[in-house]
Ligand code: ITT
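In UniProt numbering, the protein residues as written are 2 to 190.
Take a look at the structure:
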C-alpha cells in the first residue's frame, strides 16, 4: 500500500520510511513530481501541517499526510516552535542550534519538548495526530546522526542526545514516531 507524505525533508522521509517498512510504501513530494516549497504561513503546527496536506489534495487530488514539527523550549516561551526550521534566518541547522545555545546561556531551566502534528487528508476530511517528547537542551552539541536540533536534545530518561541514537532507536520514542503510530492505528482501525 502507498502513502503520500507531503514533505521536502529527506530526514523526515527516511525516519517515516524506516518506521513503516514492510507496511506501507511512502512517497514524498519529490516522488510525486512536486518541487514546490509549500508556503507555511500558519502560526500553529496544526495549521501548517494542514496547509501542506491540503496543497497535495488541491494540486494532485491524492490522499496524503504531512508533518509539521518543532522544538519548544520552556525558558524561551516555547520558541523556536513553528519557526524551528528557520529560527536563525536560514535553514542551516548549525546556525539554529547556535542561536538556541546563545539564548540559553546562563539559564538553568533547560526543559524542552519536540512536537509533531500530522495532518492526514483522507476522502476530503482532515484528521490530526500529535506526538510529544520531553527532554532537555544540552550546553554543547553531541552526536552526528539525525537532523535539525538532534545534537542538543536529550530525551528524558536517556544520557545521550537524539543525534547519538541509531535512527531505529530514535524512532521508538520520538515525537514523530508517536504521532505516526496514532495515524497508523487510525488507518488500520
Ligand atoms: P517539510 O515542511 O517539507 O516537511 P521542514 O524541514 O520545513 O520540512 P518543518 O516545517 O516541520 O519541516 O520544520 C521542522 C523543523 O524542526 C526542522 O527543520 C528541524 O529544524 C526541527 N525538527 C523537527 N523534527 C525534528 C527532529 O526529529 N529532530 C531534530 N529537529 C527536528
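For glycine and all other residues, C-beta sits at the position ideal for the given N, C-alpha and C.
Are there any heavy atoms of the ligand HEM lying less than 7 Å away from the beta-carbon of residue i, as far as the coordinates show?
i	result
residue 130	Summarising the ligand content, the structure contains the ligand ITT and does not contain the ligand HEM.
Go through its chain and collect everything with a Cβ distance to residue i's Cβ below 6 Å, but skip five positions before and after it.
i	result
residue 146	164
residue 32	none
residue 121	66, 128, 184
residue 9	30
Which residue marks the beginning of the alpha helix (DSSP H) containing residue i, and which one marks its end?
i	result
residue 13	11-21
residue 188	176-189
Ignore the nearest five residues each way along the sequence and tell me which others in residue i's own chain have a CB closer than 7 Å to its CB.
i	result
residue 73	79, 82, 113, 114, 116
residue 148	12, 94
residue 100	88, 89
How about residue i and residue j: do their beta carbons lie closer than 8 Å?
i	j	result
residue 89	residue 67	no
residue 129	residue 16	no
residue 3	residue 25	yes
residue 86	residue 56	no
residue 102	residue 161	no
residue 52	residue 98	no
residue 138	residue 105	yes
residue 185	residue 134	no
residue 179	residue 132	yes
residue 29	residue 14	yes
residue 172	residue 20	yes
residue 18	residue 27	yes
residue 69	residue 118	yes
residue 75	residue 110	yes
residue 151	residue 158	no
Give the range of the beta strand (DSSP E) segment to which residue i is assigned.
i	result
residue 130	126-138
residue 3	3-5
residue 31	Segment: none, residue 31 is in no beta strand (DSSP E) and carries neither H nor E.
Which term fits residue i, buried or exposed, when burial requires 16 or more other beta carbons within 10 angstroms of its beta carbon?
i	result
residue 62	exposed
residue 124	exposed
residue 197	Residue 197 lies beyond the range of the chain shown here (2 to 190); nothing can be said about it.
residue 92	exposed
residue 60	exposed
residue 22	exposed
Counting only the same chain and skipping the five closest in sequence on each side, list residues whose C-beta sits under 8 Å from that of residue i.
i	result
residue 84	71
residue 189	none
* Tell me the start and end of each unbroken alpha helix (DSSP H) in the segment 150-174 that is at least 4 residues and wholly inside, in chain order. => As far as the segment 150-174 is concerned, its whole alpha helix (DSSP H) runs of at least 4 residues are 168-174.
* Asked: What are the complete alpha helix (DSSP H) segments, minimum 4 residues, inside the segment 47-124?
  -> Those alpha helix (DSSP H) runs which fall completely within the segment 47-124 and span 4+ residues are 94-104.
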